[in-house]
Amino acid sequence: MRLRVFGSLMLFLFALALGGCGQTSTAPNEVGLVAGDFTVTSISIKAGQAVHFTDPAGTGGVHTICLGSDGTCDQSANGPQALKSPGFTINPGDPAKDITFDTPGTYKITCSIHPAMNLIVTVQ
Ligand SMILES: [Cu+2]
Numbered sequence: 007m008r009l010r011v012f013g014s015l016m017l018f019l020f021a022l023a024l025g026g027c028g029q030t031s032t033a034p035n036e037v038g039l040v041a042g043d044f045t046v047t048s049i050s051i052k053a054g055q056a057v058h059f060t061d062p063a064g065t066g067g068v069h070t071i072c073l074g075s076d077g078t079c080d081q082s083a084n085g086p087q088a089l090k091s092p093g094f095t096i097n098p099g100d101p102a103k104d105i106t107f108d109t110p111g112t113y114k115i116t117c118s119i120h121p122a123m124n125l126i127v128t129v130q
């Protein structure tokens with residue numbers, strides 16, 4: 007319960023930070039991690055924005071998220087440092103992990119624990 011409150015606080019603080027930069031945030035850019043899936047298969051953001059990966063305590067599993075596809079991290083893929091092989095691990099109930107994408111492009115993201123988890127992040 008405390009972690010859930012903490013996660014909400016972090017999202018709130020992030021929204022404040024975005025506002026402070028003069029950017030408008032129309033969507034929270036949130037991608038949920040449930041038992042063995044992403045809650046969306048694709049998401050579009052603007053360069054400099056973050057994707058918020060959340061792993062809800064009740065429905066999530068343990069996930070290791072990296073650049074790649076079909077459960078295989080792509081060792082040569084370029085992208086945010088935190089997503090480079092072997093990526094980052096997030097446990098159910100952890101605070102949302104914010105990954106900022108600075109460079110426009112199309113990024114394939116997967117989970118090395120669940121090969122069926124594939125997400126495409128388009129950065130404009
Ligand atoms: Cu997973």
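Counting from 7, one number per residue, gives the positions in the sequence shown under my numbering. Cβ coordinates follow ideal geometry from the N, Cα and C atoms, glycine included.
Asked: Closer than 7 Å: residue 120 CB and nearest ligand 1 heavy atom; Found: yes
Asked: C-alpha gap between residue 99 and residue 116, whole angstroms; Found: 20 Å
Asked: Among 44, 128 and 36, nearest to residue 67 - alpha-carbon criterion; Found: 44
Asked: Among 92, 111, 118 and 63, nearest to residue 51 - alpha-carbon criterion; Found: 111
Asked: Residue environment, residue 61, which counts as buried when at least 16 other CB atoms sit within 10 Å; Found: buried
Asked: Where residue 56 sits in the DSSP three-state scheme; Found: strand
Asked: Unbroken beta strand (DSSP E) run spanning residue 69, endpoints; Found: 69-75
Asked: Closest Cα partner of residue 122 within the set 40, 87 and 49; Found: 40
Asked: Sheet register partners of residue 51 (DSSP bridge); Found: 129
Asked: Start and end residues, beta strand (DSSP E) containing residue 38; Found: 36-40
Asked: Neighbourhood of residue 113 by C-beta distance below 6 Å, restricted to the same chain and skipping five residues each side; Found: 85 and 127
Asked: Any non-hydrogen atom of ligand 1 closer than 7 Å to residue 5 Cβ; Found: Outside the modelled stretch of the chain, which goes from 7 to 130, sits residue 5, for which no answer is possible.
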